[in-house]
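In UniProt numbering, the protein residues as written are 1 to 269. Ideal Cβ placement from N, Cα and C applies to all residues, glycine included. Single-structure report; data block below.
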Amino acid sequence: MPVHKIRPDVSVLSDSLEVPGIGHLPVNAFVLLASQPVVVDTGLGLPDRNFLETLGSVLDPADVRWIWLTHPDRDHTGGIFDLLDAAPEARLVTTFLGVGIMSCERPLPLDRVFLLNPGQSLDVGDRTLTGFRPPLFDNPATVGFFDDRSGVCFSSDCFGGPMPSAELAEADDVGSLDVEDLRAAQLLWATVDSPWVQNVEVQKFLGTFKMLHDREPEVVLSTHLPPALGITGSMIDNLGSAAGAPAFMGPDQAAMEAMLAQFEPSAGR
Numbered sequence: 001m002p003v004h005k006i007r008p009d010v011s012v013l014s015d016s017l018e019v020p021g022i023g024h025l026p027v028n029a030f031v032l033l034a035s036q037p038v039v040v041d042t043g044l045g046l047p048d049r050n051f052l053e054t055l056g057s058v059l060d061p062a063d064v065r066w067i068w069l070t071h072p073d074r075d076h077t078g079g080i081f082d083l084l085d086a087a088p089e090a091r092l093v094t095t096f097l098g099v100g101i102m103s104c105e106r107p108l109p110l111d112r113v114f115l116l117n118p119g120q121s122l123d124v125g126d127r128t129l130t131g132f133r134p135p136l137f138d139n140p141a142t143v144g145f146f147d148d149r150s151g152v153c154f155s156s157d158c159f160g161g162p163m164p165s166a167e168l169a170e171a172d173d174v175g176s177l178d179v180e181d182l183r184a185a186q187l188l189w190a191t192v193d194s195p196w197v198q199n200v201e202v203q204k205f206l207g208t209f210k211m212l213h214d215r216e217p218e219v220v221l222s223t224h225l226p227p228a229l230g231i232t233g234s235m236i237d238n239l240g241s242a243a244g245a246p247a248f249m250g251p252d253q254a255a256m257e258a259m260l261a262q263f264e265p266s267a268g269r
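Encoded structure:
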């Protein structure tokens with residue numbers, strides 16, 4: 001897992017997964033070196049990933065004071081219980097619904113949970129983090145946030161897009177991707193991750209970008225996109241055009257069997 005320091009106080013813990021037929025999907029977690037350090041999501045829970053080891057290259061896990069869970073999907077919670085053990089003074093920021101969803105897998109320690117809804121703020125010592133509901137999301141417990149000191153927006157799954165290679169998926173800046181290729185990737189991800197977008201009323205949907213327009217963050221960090229620096233306006237335009245787009249339809253069983261057949265040994269071998 002490569003680590004990219006994009007600001008003196010903001011690091012990206014990069015990872016990716018290859019999704020056949022879609023591309024290489026970035027799967028990022030983040031570290032915010034506030035006076036009360038914050039870890040944003042905890043990566044994949046696959047056996048060959050060691051989240052704590054990667055985190056330890058940025059700061060001692062024991063120094064973490066807040067773990068902001070943008071939503072409780074498995075690609076965000078991989079190292080969460082290991083981190084709770086390694087950071088005994090840390091509290092976990094999530095929603096009431098997030099706690100309920102997590103309890104279906106392994107209950108969270110309620111005395112360490114801090115419930116925060118969109119529109120509410122968290123003081124982490126030297127800055128305030130303001131929660132918001134991103135325009136696109138795949139889980140009703142999703143809460144991203146704005147950091148009022150660094151000017152960074154942490155958008156959870158919103159603005160994501162599969163990349164053509166693992167190298168690009170784990171890059172330190174999505175700006176190396178062609179503008180039209182980025183637009184296509186983000187629109188594809190919108191229909192995969194937020195299929196409900198096909199049913200939205202256009203003007204109401206565009207209204208959900210108001211906080212992003214108002215704050216104009218210089219940097220947008222998405223779980224599923226390399227860091228995006230200085231292109232917030234164009235990315236908003238990309239996603240704004242997703243309203244009414246048909247939902248992604250994945251392969252059916254016949255298509256899956258055809259793909260698997262390509263990997264079977266040929267006759268006579």
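Exposed unless 16 or more other CB atoms sit within 10 angstroms - verdict on residue i
| i | result |
| --- | --- |
| GLN120 | exposed |
| GLU170 | buried |
| ASP148 | exposed |
| VAL143 | buried |
| GLY131 | buried |
| MET1 | buried |
| CYS153 | buried |
| GLY98 | buried |
| ALA267 | Summary for ALA267: the model assigns pLDDT 48, below 50, so the residue's position carries little reliability; its value from the coordinates is reported in the next sentence. It counts as exposed. |
| LEU260 | exposed |
| PRO61 | buried |
| THR193 | Note on identity: in this sequence residue 193 is Asp, with Thr being the wrong assignment. Answer is buried; the Cβ neighbour count reaches 16. |
| SER155 | buried |
Between the CA atoms of residue j and residue i - distance to the nearest angstrom
| i | j | result |
| --- | --- | --- |
| ARG183 | LEU221 | 16 Å |
| ARG269 | GLY45 | With a pLDDT of only 46 at ARG269, under 50, the local geometry of the prediction cannot be trusted, and no value is derived from it. |
| GLY88 | ALA254 | Residue identity check: residue 88 is Pro in the sequence provided, not Gly. Cα to Cα, PRO88 sits roughly 49 Å from ALA254. |
| GLY161 | VAL202 | 21 Å |
| GLU18 | SER165 | 8 Å |
| LEU136 | ALA190 | 7 Å |
| PRO20 | PRO251 | 10 Å |
| ASN117 | GLY100 | 14 Å |
| LEU13 | HIS76 | 12 Å |
| PHE263 | MET249 | 23 Å |
| ALA185 | LEU168 | 12 Å |
| PRO226 | MET235 | 13 Å |
| ALA242 | LEU187 | 6 Å |
| PRO8 | VAL39 | 15 Å |
| ASP181 | VAL219 | 19 Å |
| ASP82 | PRO134 | 28 Å |
| ASP214 | THR208 | 11 Å |
Proximity test, Cβ basis, 7 Å: residue i and chain C
| i | result |
| --- | --- |
| ALA87 | As a matter of chain content, chain C is missing from the structure shown, which is built from one protein chain. |
CB-CB length for residue i against residue j, believed under 8 Å
| i | j | result |
| --- | --- | --- |
| PRO217 | GLY151 | 6 Å |
| TRP68 | PHE145 | 7 Å |
| ALA90 | TRP66 | 6 Å |
| SER35 | ASP126 | 4 Å |
| residue 288 | ASP63 | With the chain running from 1 to 269 in the structure shown, residue 288 is simply not present. |
| LEU108 | MET102 | 5 Å |
Cβ pair residue i, residue j closer than 7 Å
| i | j | result |
| --- | --- | --- |
| VAL31 | ASP15 | no |
| LEU52 | ALA86 | yes |
| PRO246 | GLN198 | yes |
| THR223 | ASP157 | yes |
| LEU229 | ASP138 | no |
| LEU129 | LEU122 | yes |
| ILE6 | THR42 | no |
| LEU206 | GLY233 | no |
| VAL113 | LEU92 | yes |
| MET211 | GLY23 | no |
Backbone secondary structure at residue i - three-state DSSP
| i | result |
| --- | --- |
| PRO162 | coil |
| residue 270 | What the structure shows of the chain is the stretch from 1 to 269, and residue 270 is not part of that stretch, so it cannot be assessed. |
| GLY21 | coil |
| GLY78 | coil |
| HIS224 | coil |
| PHE96 | helix |
| THR232 | helix |
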